[in-house]
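Asks: For the sequence shown, position 83 matches number 570 in this note's numbering, and the numbering has no gaps at all.
Glycine residues also receive a C-beta, built at the ideal position from the N, C-alpha and C atoms.
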Amino acid sequence: MAEKHDDHSLVQLLQEGNVIAFDSLFKVYSSKLFYFALKYIKNESDTEELVQEVFVQVWEHHHTLKSELSFKSYLFTVTLNKIRKHFNKKAISLRYLESLEHDPELTDNEKIQGENYESLLQQVYFIIDQMPPRRREIFMKSKLEGKSSKEIAIELDISYGTVDNQVSEALKFIRSKINNENLAFMLFAVLFLY
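#1: When DSSP labels each residue in this structure, what does Met618 get in the three-state scheme?
#2: Less than 8 Å between CB atoms is the rule here; does Phe558 satisfy it with respect to chain C?
#3: Along the chain, where does the alpha helix (DSSP H) that runs through Glu547 open and close?
#4: Kindly indicate which residue of Phe513, Ser560 and Phe558 has the alpha-carbon position closest to the one of Val538.
#5: Excluding the 5 residues preceding and the 5 following Gln544 in the sequence, name in chain order all residues of the same chain whose CB lies nearer than 7 Å to its CB.
#6: Relative to the C-alpha of Ser532, which residue among Tyr561, Trp546, His573 and Val506 is closest?
#7: To the nearest angstrom, how far is it from the Cα of Glu656 to the Cα of Lys630?
#8: Any idea what DSSP makes of Asp644, helix, strand or coil?
#9: With burial defined as no fewer than 16 other Cβ atoms inside 10 Å of the residue's Cβ, what is the status of Gly504: buried or exposed?
#10: Which residues bound the alpha helix (DSSP H) around Leu567?
#11: If I follow the unbroken alpha helix (DSSP H) through Lys553, where does it start and stop?
#12: Between Tyr612 and Val654, what straight-line distance do the alpha-carbon atoms span, to the nearest angstrom?
#13: So, at 7 Å on beta carbons, what are the nonlocal neighbours of Lys628 in its own chain, with the 5 sequence-adjacent residues on each side left out?
#14: Exposed or buried, what is Leu556 when buried is set at 16 or more other beta-carbons lying within 10 Å of its beta-carbon?
#15: Just to confirm the assignment, what range does the alpha helix (DSSP H) spanning Ser518 have?
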């Protein structure tokens, strides 16, 4: 309870641009965020950069912070979104773009489609971002991190059935948002092949 009260006071000061309050919040949460993100990213320098980005975002938006809401929840949500973007940039994009560069059988049309990959991937993540937070988290662990239902269930302390149900609902949601057959193919490739 004391931490919540301290966060509340510090966030109020931070809203006014108080650098000392920012530093205090950084000291309290930076290592927690680092170890949280490191579990996903598994690279210390990328994780340090990600945590820095989180706190840069906090500073850039300090005027709009809501002191009545949980600052800790806000930080971990921002961090989870940064992790998602990290996987977007590092894991999926590189593998796909490298495969395009080294595949001599690709036609010019396919190469043009590859150039549009980043744009399509952004559309995919826009759809994923519309999911409820818990469903999105489970879906990302399943499809982007390649974790089994059992691993996710243990990690999140939920039943296997809940994991499978949430992944199924996420896929239904994605299918309901797709209008274009090329996007459907790209979604399939991104989510299941890479």
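Replies: So, from the data block:
#1: Translated into positions along the sequence shown, residue 618 becomes position 131. Coil.
#2: This model lacks chain C altogether; it includes just one protein chain.
#3: Walking along the sequence shown from the start, residue 547 turns up at place 60. It spans Glu531 to Glu547 - the alpha helix (DSSP H) in which Glu547 sits, taken as one unbroken run.
#4: In the sequence shown, residue 538 corresponds to position 51, counting from 1. Proximity to Val538 across Phe513, Ser560 and Phe558 peaks at Phe513, based on C-alpha coordinates.
#5: Position 57 of the sequence shown holds residue 544. Taken in chain order, the residues that qualify are Val565.
#6: Reading the sequence shown from its first residue, position 45 is the one you call residue 532. Ranking the options by Cα distance to Ser532, first place goes to His573.
#7: Start at 1 with the first residue of the sequence shown, and residue 656 comes out as number 169. Start at 1 with the first residue of the sequence shown, and residue 630 comes out as number 143. Using only the alpha carbons, I get a separation of about 13 Å.
#8: In the sequence shown, the residue the question calls residue 644 occupies position 157. DSSP places Asp644 in coil when its eight states are reduced to three.
#9: In the sequence shown, counting from the first residue as 1, residue 504 sits at position 17. With fewer than 16 other Cβ atoms within 10 Å, it is exposed.
#10: Looking up residue 567 in the sequence shown gives position 80. That run of the alpha helix (DSSP H) goes Phe558 to Phe574.
#11: Translated into positions along the sequence shown, residue 553 becomes position 66. Element bounds for Lys553: n/a, residue is neither H nor E.
#12: Within the sequence shown, residue 612 is the residue found at index 125, counting from 1. Within the sequence shown, residue 654 is the residue found at index 167, counting from 1. Taking the straight line from one Cα to the other gives about 15 Å.
#13: Numbered from its first residue, the sequence shown carries residue 628 at position 141. Closer than 7 Å at the Cβ level, and outside the excluded window around Lys628, lie Lys634 and Ile639.
#14: Walking along the sequence shown from the start, residue 556 turns up at place 69. Counting Cβ neighbours within 10 Å, Leu556 comes out exposed, since fewer than 16 surround it.
#15: Translated into positions along the sequence shown, residue 518 becomes position 31. From DSSP, the alpha helix (DSSP H) with Ser518 extends over Val506 to Ile528.
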